Amino acid sequence: MPELPEVETTKRGIEPHIVKKSIDSIYIGKNDLRIKFNKNQKNNILDTKILGVRRRAKYILVDFKNKYSLLIHLGMTGNLRVADNLSLDKHDHMAFSLNSKKHLIYNDVRRFGLILIIKEGEKIELLENNGPDPFEEAANYKYFLGKIENSKSTIKSILLNNKIISGIGNIYACEILFASKISPSKIGSSFTEDECKIILKNSKKILNKAINAGGTTLNDYLNAEAKPGYFKIHLNVYDREGKDCKNCGEKIKRIVQNGRSTFFCSKCQLK
DNA sequence: CGAAAAACCTGGCAGC
DNA sequence: TGCTGCCAGGTTTTTC
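Mapped onto our numbering, the consecutive letters of the first sequence carry residue numbers 550 to 820.
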């Protein structure tokens, strides 16, 4: 589920409930997530003030006063919620009980996500594998062109490659290409400066729009049922196979690239 | 070496 | 009702 906007919305949603609080206890259920949570480390973050919450690529970092951090990734189906009581559902794998008497609960059906405890200064390869997200200054057209000018990969595959630009997933990759009127099969080495600029501009525009749409769900975040990573925004092509293109009326097509579905309009996305 | 495919895991849904 | 196969918003590991 979670691409950059959903992760950012989740980060903003939990932030006011956990900053300046501390964790009294941790419930650990099925801890064999993408990387196993090490139970022996949990004492490192108990009873320590939470100073802030950050997002890096699709990761959330919760920073503690003693220089430890919780590193959280939501994988494909993960979500975090703040609840008033500790009543756990199926697939609630971890729960952090706060000194405010509230609980931060991690649910993940497929367990592709992860939660780790890391220490400041520690080299974390998971994070270093990620390039800048589209909002970062480093993700400018010169950087992007340099990364793709010798690439034989399709632009769809390039947008999904977090080592180049992080934060974009399958839904927004499709939407960004539609907004840019660029074919998902266009090869990296064929891109011009202007086309790189268009891709980056639309990446920011579409991700921003999605974050703003997600922001409206923050009010009822406290509701245990609220799963802010799951909002639906207005989509032009994703999951619209066979439906009319909202721009030209042509039927939206679905193809498979690198094992992932790509939705696009063959008339609007000719380049 | 880069690029594509397979792997991790569970559940929903269409079709028979 | 149940079985089968396919699909799912991510990322790493393996294979070509």
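Backbone N, C-alpha and C define an ideal beta-carbon position, used for all residues, glycine too. Quick caveat: nothing in here was measured; it's all calculated off a predicted structure.
Buried/exposed call for residue i, threshold 16 Cβ in 10 Å
i, result
"E552", "buried"
"S738", "exposed"
"K560", "buried"
"E744", "buried"
"C797", "exposed"
"N656", "buried"
"L653", "buried"
"S824", "Residue 824 lies beyond the residue range present for the chain, which begins at 550 and ends at 820; the question has no answer from this structure."
"K607", "buried"
"R789", "buried"
"E555", "buried"
"H622", "buried"
"E774", "Summary for E774: the model assigns pLDDT 45, below 50, so the residue's position carries little reliability; its value from the coordinates is reported in the next sentence. E774 should be labelled exposed."
"L749", "buried"
"D596", "exposed"
"D633", "exposed"
"A688", "buried"
"G808", "exposed"
Whole-angstrom C-beta distance between residue j and residue i, which should lie under 8 Å
i, j, result
"Q818", "F740", "Not a contact, Cβ separation roughly 14 Å."
"I801", "C794", "6 Å"
"L582", "L663", "5 Å"
"S646", "S574", "5 Å"
"I731", "K820", "5 Å"
"S521", "Q806", "There is simply no residue 521 to check, as the chain begins at 550 and stops at 820 in what is shown."
"F684", "I714", "10 Å between Cβ atoms; not a contact."
Under 8 Å between C-beta atoms of residue i and residue j
i, j, result
"S729", "N751", "yes"
"K753", "I704", "no"
"M625", "I577", "no"
"I673", "L629", "no"
"H566", "K651", "yes"
"G716", "L709", "no"
"F613", "K598", "yes"
"L665", "I725", "no"
"V786", "C723", "yes"
"K758", "R660", "no"
"E668", "K616", "The sequence shown places Lys at residue 668, not Glu. It is a contact, given that the beta carbons lie within the stated cut-off."
"S810", "E799", "no"
"E557", "R604", "yes"
"V602", "I594", "no"
Bridge partners - residue i, DSSP secondary structure assignment
i, result
"K802", "F813"
"Y655", "L629 and M643"
"I782", "In DSSP, I782 forms no bridge with anything."
"S574", "S646"
"L819", "Paired residues: none, contrary to the question."
"D788", "DSSP lists no partner for D788."
"Y608", "R605 and H622"
"L663", "H622"
"F613", "I599"
"D793", "K800"
"K668", "Y617"
"I736", "T703"
Closer than 7 Å: residue i CB and nearest the ligand ATP heavy atom
i, result
"P565", "In the structure on display, the ligand ATP does not appear, and there are no ligands present to speak of."
Could I get the ranges of all uninterrupted beta strand (DSSP E) runs contained in the segment 692-724, with 3 residues as the minimum, in chain order? Entirely contained in the segment 692-724, not one beta strand (DSSP E) run reaches 3 residues.
Starting from the N-terminal side, write out each stretch of the beta strand (DSSP E) that is 3 residues or longer and does not extend beyond the segment 615-645. Here the runs fully enclosed are 617-622 and 627-632.
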